[in-house]
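All residue numbers for the sequence shown refer to the numbering used here, where the first residue is 58 and numbers rise by one.
This report refers to the structure that appears directly beneath it.
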Amino acid sequence: MKILIIGSGGREHALAWKILQSPRLTKLYTTSTNASTLLLKEQYTDKVACPIKIAEQNITELVAFAVQEKIDLVIVGSEAPLAAGLSDALIKAHIRVFGPTQAAAQIEASKAFSKDFMARHHIPTARYQTFSELAPALNYVNTLNYPIVIKASGLAAGKGVYLPDSLAETETILQALLEQHSLGQAGNEVIIEERLIGEEVSLLAFTDGYSIKLMPPARDHKRLLDHNRGPNTGGMGAYAPALSICPPALQTELAQTILQTTIDGLRNENKLFIGVLYAGLMLTPAGPRVLEFNCRFGDPETQVLLALLDSDLIDIIEACVTGKLTDCPIHWKSASAVCVILASKGYPEKNETGFTITGLNKLNANKVAIFHAGTRWQEKNIINHGGRVLGITAWENNLADAIKIAYQQIEKIHFEGMQYRKDIGENKQ
Ligand code: AMP
Ligand code: GLY
Numbered sequence: 058m059k060i061l062i063i064g065s066g067g068r069e070h071a072l073a074w075k076i077l078q079s080p081r082l083t084k085l086y087t088t089s090t091n092a093s094t095l096l097l098k099e100q101y102t103d104k105v106a107c108p109i110k111i112a113e114q115n116i117t118e119l120v121a122f123a124v125q126e127k128i129d130l131v132i133v134g135s136e137a138p139l140a141a142g143l144s145d146a147l148i149k150a151h152i153r154v155f156g157p158t159q160a161a162a163q164i165e166a167s168k169a170f171s172k173d174f175m176a177r178h179h180i181p182t183a184r185y186q187t188f189s190e191l192a193p194a195l196n197y198v199n200t201l202n203y204p205i206v207i208k209a210s211g212l213a214a215g216k217g218v219y220l221p222d223s224l225a226e227t228e229t230i231l232q233a234l235l236e237q238h239s240l241g242q243a244g245n246e247v248i249i250e251e252r253l254i255g256e257e258v259s260l261l262a263f264t265d266g267y268s269i270k271l272m273p274p275a276r277d278h279k280r281l282l283d284h285n286r287g288p289n290t291g292g293m294g295a296y297a298p299a300l301s302i303c304p305p306a307l308q309t310e311l312a313q314t315i316l317q318t319t320i321d322g323l324r325n326e327n328k329l330f331i332g333v334l335y336a337g338l339m340l341t342p343a344g345p346r347v348l349e350f351n352c353r354f355g356d357p358e359t360q361v362l363l364a365l366l367d368s369d370l371i372d373i374i375e376a377c378v379t380g381k382l383t384d385c386p387i388h389w390k391s392a393s394a395v396c397v398i399l400a401s402k403g404y405p406e407k408n409e410t411g412f413t414i415t416g417l418n419k420l421n422a423n424k425v426a427i428f429h430a431g432t433r434w435q436e437k438n439i440i441n442h443g444g445r446v447l448g449i450t451a452w453e454n455n456l457a458d459a460i461k462i463a464y465q466q467i468e469k470i471h472f473e474g475m476q477y478r479k480d481i482g483e484n485k486q
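Quick look at the structure:
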């Protein structure tokens, strides 16, 4: 099977790594611009094509490439091409694609759509109001007597969520979004919602649009600094399964009340959703609440989830795109996995890049994988070239051992300004 993976982060490297373990793969193509593809090519030679140099937003060229190369299956890692209609265009060209259509991807691409959808289908979420004009938004926040969250409705690469501490800060944020258009179109509509308190968990499911198969619950650590301090980031690390937060009985309940209800609701609204549905949940004293939906694999959740997946990923994805997920058994290792992100100095504000990364070939553990995100080749060296640079992933029979191994590997890796959290895997978000 010829497979094309769209995207350039650690998530897509993990997808490529897992797909390459399948005997069904004949050739893997990726749009990744980081150092991972050539590393995979060194290991798997003929099975990996040179990176294709088409931007993930360039739908016309991606479809033309898939048709010309007779790609059997396209796997879309990131949300932007899904929101831009890549799946629709591939389906029109009779290419199989794992990832929802533009209409179904709205569940992530428009928080206004997503919140209204949840209200229509009685899916529990924070109380909210949507605004596109500054004056009514300012009036509204003046009437609230509880802490709030402000969210840009559109895609903002993890930068669209604000947790203001005062009314003055709230007003500044609303002005920036609605008047100065600080996030461009993404912030033309904003959601003002109640701030919730509780444990967070990422619950992802494979779906063929009808049935779902849950993945183990994962915990993402979103804040930059240890003990859940500092600004929000794309994710500084993850572990799975997060059983102490989300035990099996709760998983079964959430699968039904939230994920299956969402898939059924989307289908009933003529938005068949095929791919991975990701619910970002907060478990509050009043019950579970959806913070957000994503229409694709999480990053860095995917790195730990795929490390735990025992089944052939191609079989699962094929079952999803052919509507046969219920017939496809999925097996997970009874183990724990952790992924620690090594980030550039200055992340998430302003990355300092261009420094040589050393120690990548000194790893000495079996159950370890290094997933590249913001890296590049510079002659024979690999340099940092982005905010999140590497995801050091380890898996073992128990979480404590997985954490120990991941941090032991990190001691061997260095680049100037490298920063990472020391508490990934602890239950402190
Ligand atoms: P989102 O992109 O919507 O998942 O938001 C990013 C992060 O902001 C979440 O992982 C939470 O930590 C935080 N967050 C979002 N919405 C809320 C909320 N209603 N209450 C408290 N924290 C929130
Ligand atoms: N880990 C958060 C996300 O993938 O959106």
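For every residue, glycine included, the Cβ atom is placed at its ideal position computed from N, Cα and C.
Small disclaimer: the values here were computed from a predicted structure and weren't measured.
If you look at Leu-261, you'll find it isn't in any alpha helix (DSSP H); it sits in the beta strand (DSSP E) that goes 256-264. With fewer than 16 neighbouring CB atoms inside 10 Å of its own CB, His-238 falls in the exposed class.
With a threshold of 8 Å, the Cβ atom of Glu-358 counts as near the ligand GLY, since some heavy atom of the ligand is closer than that.
Judged by DSSP secondary structure, Thr-450 falls within the beta strand (DSSP E) whose first and last residues are 445-453. Among the bridge pairs identified by DSSP, Arg-184 is matched with none.
Leaving aside the five residues that flank Ile-205 on each side, the residues in its chain whose CB is nearer than 6 Å to its CB run, in chain order, Ile-249 and Arg-252. For Gly-67, the CB contacts under 7 Å within the same chain, skipping 5 residues up- and downstream, are Asp-356, Pro-357, Gln-360, Phe-428, His-429, Ala-430, Arg-445 and Gly-448 in chain order. Leaving aside the five residues that flank Ala-161 on each side, the residues in its chain whose CB is nearer than 6 Å to its CB run, in chain order, Leu-323, Lys-328 and Phe-330. DSSP links Ala-275 through a beta bridge to Ser-259.
Taking a C-beta distance under 9 Å as the contact criterion, Ile-481 and Ala-457 do not qualify as a contact pair. CA-to-CA, the gap between Val-397 and Asp-372 works out to about 28 Å.
With respect to Ala-275, Tyr-296 sits close: the two C-beta atoms are nearer than 9 Å. Its chain contains Met-58, Ile-60, Ile-76, Lys-104 and Ile-371 as the residues whose beta carbon lies nearer than 7 Å to that of Leu-82, once the 5 sequence neighbours on both sides are disregarded; these appear in chain order.
Taken atom to atom, the span from the alpha-carbon of Val-120 to that of Ala-150 is near 7 Å.
Under DSSP, no beta-bridge partner is assigned to Arg-324. In the DSSP assignment, Glu-118 falls within the unbroken alpha helix (DSSP H) covering 116-125. The Cβ atoms of Ser-259 and Leu-340 lie no closer than 9 Å to each other. Sixteen is the threshold: since fewer than 16 other Cβ atoms of the shown chains lie within 10 Å of the Cβ of Ile-254, the residue is exposed. Pairwise C-beta distances place the region 309-323 out of contact with the region 128-146, as fewer than three of them are shorter than 8 Å. For Asn-408, DSSP assigns no beta-bridge partner whatsoever. For Trp-434, the enclosing beta strand (DSSP E) has its first and last residue at 432-435. If one requires a minimum length of 3 residues, the beta strand (DSSP E) runs lying completely within the region 60-94 are 84-87, in chain order.
Sorting Ile-152, Gln-232 and Pro-181 by C-alpha distance to the C-alpha of Glu-126 places Ile-152 at the top.
Gln-163 counts as buried, since no fewer than 16 other beta carbons sit within 10 angstroms of its beta carbon. For Cys-396, the beta-bridge partners assigned by DSSP are Ala-295 and Thr-450. A distance below 6 Å between beta-carbons, with the five flanking residues on each side excluded, links Gly-244 to the following residues of its chain, in chain order: Ala-209 and Leu-234. Counting the other CB atoms within 10 Å of its CB gives Thr-117 a total below 16, which places it among the exposed residues. DSSP lists Val-258 and Val-347 as the beta-bridge partner residues of Leu-338.
When the alpha-carbon of Gln-435 is set against those of Val-347, Met-175 and Thr-413, the nearest one is in Thr-413.
DSSP places Lys-149 in the uninterrupted alpha helix (DSSP H) bounded by 143-149.
Residue side-chain check: Arg-252 places its Cβ nearer than 8 Å to a non-hydrogen atom of the ligand AMP.
Annotation: the continuous beta strand (DSSP E) that includes Leu-282 extends over 280-282.
Among the bridge pairs identified by DSSP, Val-425 is matched with Ala-451.
Between Leu-147 and Phe-354, the CB-CB gap reaches or exceeds 9 Å.
Shown here, Thr-319 sits in a helix according to DSSP, grouped into three states.
One alpha carbon belongs to His-471, the other to Arg-478, and they sit about 15 Å apart.
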